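Okay, so here's the structure we're looking at.
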Amino acid sequence: MRATEQLIVKCASVLGDTFPRDMIESILPNVNRIKARKSFKVLRKTGIFECANLHNPLYNKFSKDDEEYDIMECYCPRDDEHIDRSLCNLMKFTNLILMETCYKILMESQRKTLHASAANYLEKQADQIRKDIPYYALERPPPKFNQEEKDRNHRRRSSNRVEDIAIADAESYMRSLLVEEAAASIVMKQTSNAMKKLEDAEEVINEMIDKEKMDEEDDDLYVLYAKLARLLGKALYVSGEKEDALLYTRHAAKLLKIAEPESYCSTHARYYFLWIFLKFLRISTKPRKPSTNKTVEQGYCLSELYEFEKENNEEWKMSINSFRQMIKITGRFSNLHQMIRAYKVMIEFCGKYNHPKMKDKLEKEFLASCLARSEELQADDLAMMSEVCSDICLKSLEKGDISRAISSGTAVVEIGDSMKQTDINRTVYPLMALTLLFTDKKTPCLDIMQKMKSYNKKKYSTVGQAWYHAINMEVMLSWNISQEPFDDSLDFATYLMSKADAVYNDMLPRYMLTMSIAMWYCRHDQWSSAQIWFDYWEVFDLGEINFLSVYVLARKIEIMLMSLSISKITKPKFLWKQLLTAASEDLKKMSVAVKKVVTLKPRYHHLNAYLLALKQKYCWSKLTMIKALKLAKKQGNKLEYGWIKHNRHHWFGRRAQIRGDNPAAAEWYKLFSNSYQQGFCTWPLVAK
1 MRATEQLIVK CASVLGDTFP RDMIESILPN VNRIKARKSF KVLRKTGIFE CANLHNPLYN
61 KFSKDDEEYD IMECYCPRDD EHIDRSLCNL MKFTNLILME TCYKILMESQ RKTLHASAAN
121 YLEKQADQIR KDIPYYALER PPPKFNQEEK DRNHRRRSSN RVEDIAIADA ESYMRSLLVE
181 EAAASIVMKQ TSNAMKKLED AEEVINEMID KEKMDEEDDD LYVLYAKLAR LLGKALYVSG
241 EKEDALLYTR HAAKLLKIAE PESYCSTHAR YYFLWIFLKF LRISTKPRKP STNKTVEQGY
301 CLSELYEFEK ENNEEWKMSI NSFRQMIKIT GRFSNLHQMI RAYKVMIEFC GKYNHPKMKD
361 KLEKEFLASC LARSEELQAD DLAMMSEVCS DICLKSLEKG DISRAISSGT AVVEIGDSMK
421 QTDINRTVYP LMALTLLFTD KKTPCLDIMQ KMKSYNKKKY STVGQAWYHA INMEVMLSWN
481 ISQEPFDDSL DFATYLMSKA DAVYNDMLPR YMLTMSIAMW YCRHDQWSSA QIWFDYWEVF
541 DLGEINFLSV YVLARKIEIM LMSLSISKIT KPKFLWKQLL TAASEDLKKM SVAVKKVVTL
601 KPRYHHLNAY LLALKQKYCW SKLTMIKALK LAKKQGNKLE YGWIKHNRHH WFGRRAQIRG
661 DNPAAAEWYK LFSNSYQQGF CTWPLVAK
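The opening residue of the sequence shown carries number 1 in the working numbering; numbering runs sequentially from there.
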């Protein structure tokens, strides 16, 4: 055996019976890699090494009796670009006695040197992997982004082999390594391994206390025990033992001196105290303090408790928790992940308990902080940021701030595109499309629709398809252009409504789609078909009041009023009055809803003006249209503004003839048809 081959065998004996080839090549002292690879081939031919997956049925389906069985073949999984099968990625000793003999031949100093080289190699590999994993998922401190390159040579890197680190007698590093491995196991749902590593970490801490390397009264010791208890709670939660998980999390909170409110009365008093204290911290001019291990762990523990309280619907505890999380990051240089979580829960609290000024201020601070520290943003941070931006988009739409809704919605779309996570954008796409529709921005709106279409191709979703076709119909009704022909949307809607769960799940997109199709038939004078689709409103429930639900309600009222207009000359008087009563009741519902959803106030006044004109109250109708015009102009709602002006011109312009002998319905439909081709629908005004 040559010297290079002997050296390879000795190095491999340090790593155990199974080892990666490239690791041996990295730790070999002063050996050329090309020569080393030739030696590996020789060692395989002589039968000292073999492929580690040779006897693994997952990769080698041949048995020793098969002709295709080849001991020199490599069965390691690899990419197509690695076509050299003569070199094996993962190798093993064929004889364990030979491995032990080679290990004993080495001197103690040589073993330590090789162990250190192996640890260094593994640290570099772990460092590369960590770049793609959020630091908080592994319970690591955030990287120092400004000095990372300078400190790279001065900071130890973790290894996935505790044996190589243990030789260096570094208990504190070994402890952090075990905690990191436990956290990674929890993420991978390997709870038994996580619990074992946490037990090992506790043993290391106890050894450090026995060796007097840590003081039993030291606060840092309590922080370490609290972290272990919290992670054990997470592991139990993942395994389904939620009650035990909550007990361990509360124990961690107790170690960190986080008192839990015992009753509602004590919570109410503490709520006001924390509110005043938070306001004091926010206006304080004292210099910001750095975060300590204790405050960071308190933040994580509070976040875990908040999730338990949210799951158990303990709102009074959630309110206290949201203040505590915010206090922990106020006036400190906190890691960005904890800051984002704290802002998110506090913004949710302000929105729920009606503190609009505070909520608006927190949202601006939140976005400014994320922008200033954008290089620190991790995948989960971006996901939480997009949730907040989505909420800002919806609330801005409800307040009538269309420009802010567009900016926040665009931010969500860009975040999702940058992460290649279209699931993030799924909820904001319909909002963005309708907002761009209001501002008469055709190209961006069609781009959003194209993104919706691409998303539905990647992940077929009935709800996503329903939203896409509903928005397609709205664009068709507003601009007389579309991404898909009407027949395609009609076919999908027919299929959708034939499904058994059509009236039970995700009602809003289905409701919008059916009302849009009914409106399309109304505008094309196909009333029997319109009636079929309109009748679906009886089985749907719009749920809570928000922008989308009120928008669909407005579309329903529009259909009713158009039907009311033509019914004046086609239906008996008592039927006309019944329809009038139904339309008036829905308008009253909408009048209440638009107090919350201000953006749709112009649409409400527009519809109300139409109803007044149908009742021949022309003066009130004109005044209502003027009010609608002012609101639409103030909001920047170009679509509604142009539509109101269009209808006012045809109803009350110099050439309009709506008094005396009213024009026949056919004349109105001729006018209506022409206007529809131009982009705006003229609501027919037929009176007896």
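Just so you know, even glycine gets a beta-carbon here, dropped at the ideal spot from N, CA and C. Here the structure is a predicted model, which means the values were calculated and not measured.
Going by beta-carbon coordinates alone, are H337 and D381 separated by less than 7 Å? yes
Rounded to the nearest angstrom, how far is the Cβ of I258 from that of L302, given a contact under 8 Å? In this structure, I258 and L302 form a Cβ contact; the two beta carbons are roughly 7 Å apart against a cut-off of 8 Å.
Applying the criterion that 16 or more other CB atoms from any shown protein chain within 10 Å of the CB defines a buried residue, is E181 buried or exposed? buried
M385 lies in the alpha helix (DSSP H); which residues open and close that run? 379 to 399
Can you tell me whether E375 is buried or exposed? The criterion is at least 16 other CB atoms within 10 Å of its CB, across all chains shown. The residue in question, E375, is exposed, as its Cβ has fewer than 16 Cβ neighbours within 10 Å.
Ordered along the chain, which non-local residues of its own chain (more than five positions away) have a Cβ less than 6 Å from that of L629? I644
Let me know the secondary structure DSSP gives K696 once reduced to three states. Past the boundaries of the shown model lies residue 696; the chain is included only from 1 to 688, so the question cannot be answered.
Proximity winner among S549, Y521, Y300, relative to K486 (alpha-carbon distances): For clarity, residue 486 is Phe in the given sequence; the question names Lys instead. Comparing alpha-carbon positions, the option among S549, Y521, Y300 lying closest to F486 turns out to be Y521.
So is the beta-carbon of A466 under 6 Å away from any non-hydrogen atom of the ligand HEM? This structure does not include the ligand HEM; it has no bound ligands of any sort.
When DSSP builds the beta bridges, which residues end up paired with T18? The partner list for T18 (beta bridge, DSSP) reads K92.
Assuming C51 is part of the beta strand (DSSP E), what are its boundary residues? 49 to 51
Alpha helix (DSSP H) segment containing R111, residue limits: 108 to 130
Label T249 either buried or exposed according to how many other C-beta atoms from any shown protein chain fall within 10 Å of its C-beta, with 16 as the threshold for buried. buried
Throw me the rounded Cβ distance for the I471 and T439 pair, which I believe falls under 8 Å. Contact flag wrong, Cβ pair sits at about 15 Å.
Can you check DSSP and say which residues form a bridge with K289? According to the DSSP secondary-structure assignment, K289 is paired through a beta bridge with R332.
Smallest Cα separation from P142: which of A582, S291, K328, V598? Here the closest residue by C-alpha is S291.
Starting from N456 and walking both ways along the alpha helix (DSSP H), at which residues does that stretch end? 442 to 458
Measuring only the C-alpha atoms, how far is K242 from A252? So the alpha carbons of these two residues sit roughly 15 Å apart.
Enclosing alpha helix (DSSP H) for I258 [first to last residue]: That residue, I258, is in no alpha helix (DSSP H); it is neither H nor E in DSSP.
Coarse secondary structure for C681, derived from DSSP in three states: The answer is coil: DSSP assigns C681 none of H, G, I, E or B.
Under the three-state DSSP convention, the category L600 falls into: helix
For D164, count neighbouring Cβ atoms within 10 angstroms of its own Cβ and tell me buried if that reaches 16, exposed if not. Caution is warranted here: a pLDDT of 48 is assigned to D164, below 50, making its placement in the model unreliable, and the coordinate value is therefore given only provisionally. Buried, by the Cβ-count rule.
Under a Cβ-count criterion, where at least 16 other Cβ atoms within 10 Å of its own Cβ denotes burial, should F40 be classed as buried or exposed? Residue burial is scored here from C-beta neighbours: F40 has at least 16 other C-beta atoms within 10 angstroms and is therefore classed as buried.
Name the residue from V388, G416, F534 whose alpha carbon lies nearest to the alpha carbon of A379. Of V388, G416, F534, the residue nearest in Cα terms is G416.
Considering only the beta carbon of each residue, do V550 and L600 sit closer than 7 Å? Contact: yes.
Stretch-stretch touch, CB-based, cutoff 8 Å, three pairs: the region 573 to 582 with the region 478 to 494: When C-beta atoms of the region 573 to 582 are compared with those of the region 478 to 494, fewer than three pairs fall below 8 Å, so the two segments do not count as touching.
Within a Cβ cutoff of 7 Å, which residues of the same chain sit near S621, ignoring the five residues on either side of it in sequence? The residues A609, L612, A613, in chain order, have a CB closer than 7 Å to that of S621 in the same chain once the five nearest residues on each side in sequence are set aside.
Looking at the structure shown, is L54 part of a helix, part of a strand, or coil, going by DSSP? coil
According to DSSP, simplified to helix, strand and coil, what is S461? coil
Taking the alpha carbon of Q526 as the reference point, which residue from T46, M562, A554 has its own alpha carbon closest? M562
In chain order, what residues of the same chain lie with their CB nearer than 6 Å to the CB of A137, ignoring the 5 residues before and after it? V187
Should M515 and R555 be called a contact, given that it needs their Cβ atoms to be closer than 7 Å? yes
If you scan the region 469 to 538 from start to end, which runs of the alpha helix (DSSP H) of 4 or more residues do you find wholly inside it? Segments of the alpha helix (DSSP H) lying fully in the region 469 to 538: 486 to 498, 507 to 523, 527 to 534.
Three-state secondary structure assigned by DSSP to E139: Correct three-state label for E139: coil.
May I have the straight-line CA-CA distance separating Y300 from S408, to the nearest angstrom? 28 Å
At a Cβ threshold of 7 Å, is Q125 touching chain D? Structure shown: chain D not included; a single protein chain is present.
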